[in-house]
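For the sequence shown, the working numbering begins at 2 and goes up steadily by one. All residues carry an ideal CB built from backbone N, CA and C; glycine is no exception.
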Amino acid sequence: MSDMKNRKVFDEALSNAEPTLDMNSQKLFEPEQTFVPVEQVAVEDENDAKLEKTIRGSSKKGWIATTFLTAFAGLVGWQAIDNVVTAATTGDYLSLGWSALVTGVALWVSVPLVKSYSNFVN
Numbered sequence: 002m003s004d005m006k007n008r009k010v011f012d013e014a015l016s017n018a019e020p021t022l023d024m025n026s027q028k029l030f031e032p033e034q035t036f037v038p039v040e041q042v043a044v045e046d047e048n049d050a051k052l053e054k055t056i057r058g059s060s061k062k063g064w065i066a067t068t069f070l071t072a073f074a075g076l077v078g079w080q081a082i083d084n085v086v087t088a089a090t091t092g093d094y095l096s097l098g099w100s101a102l103v104t105g106v107a108l109w110v111s112v113p114l115v116k117s118y119s120n121f122v123n
């Protein structure tokens with residue numbers, strides 16, 4: 002390769018060149034210039050309320066689902082703790098190992114579900 006390939010040679014005079022915008026420079030304003038703020042378009046509150054109710058749903062349904070989910074989780078937790086305590090006191094290490102495995106899998110599955118549910122509700 003030669004140096005000629007890397008160079009570009011232009012035969013035009015500089016007086017014919019079009020002015021280009023300098024994108025890196027700041028536009029400076031005079032201190033006496035004032036800016037007129039743009040008015041925001043008025044948003045209809047009634048349509049927003051209907052849209053929010055449609056998206057979020059009724060809060061009554063949320064309370065019912067949350068109550069049942071909390072009660073079920075409490076009962077499952079109570080049963081799991083009872084199973085672990087019984088297995089530990091009787092020396093049933095097989096049952097204790099299965100309890101640990103099931104608890105680990107349940108936590109591995111339930112944590113992302115709870116996170117996505119909390120994002121969905123909020």
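Any 3 or more C-beta pairs closer than 8 Å across the region 96-110 and the region 65-84: Yes, the region 96-110 is in contact with the region 65-84.
If we ignore side chains and look at the alpha-carbon of each, how far apart do Thr-67 and Leu-76 end up? Reading the sequence shown from its first residue, position 66 is the one you call residue 67. Reading the sequence shown from its first residue, position 75 is the one you call residue 76. The straight-line gap from Cα to Cα measures roughly 14 Å.
Every unbroken alpha helix (DSSP H) inside the region 43-112 [4 residues or more]: DSSP runs (the alpha helix (DSSP H)) wholly in the region 43-112: 46-57, 60-91.
Straight-line CA distance for Val-124 to Thr-35? Absent from the model: residue 124. The displayed extent of the chain is 2 to 123, so no value can be given.
Does the distance from the CB of Ala-107 to the CB of Ser-96 come in under 8 Å? Mapped onto the sequence shown, residue 107 falls at position 106. Mapped onto the sequence shown, residue 96 falls at position 95. Their beta carbons are not under 8 Å apart, which means Ala-107 does not touch Ser-96 by this criterion.
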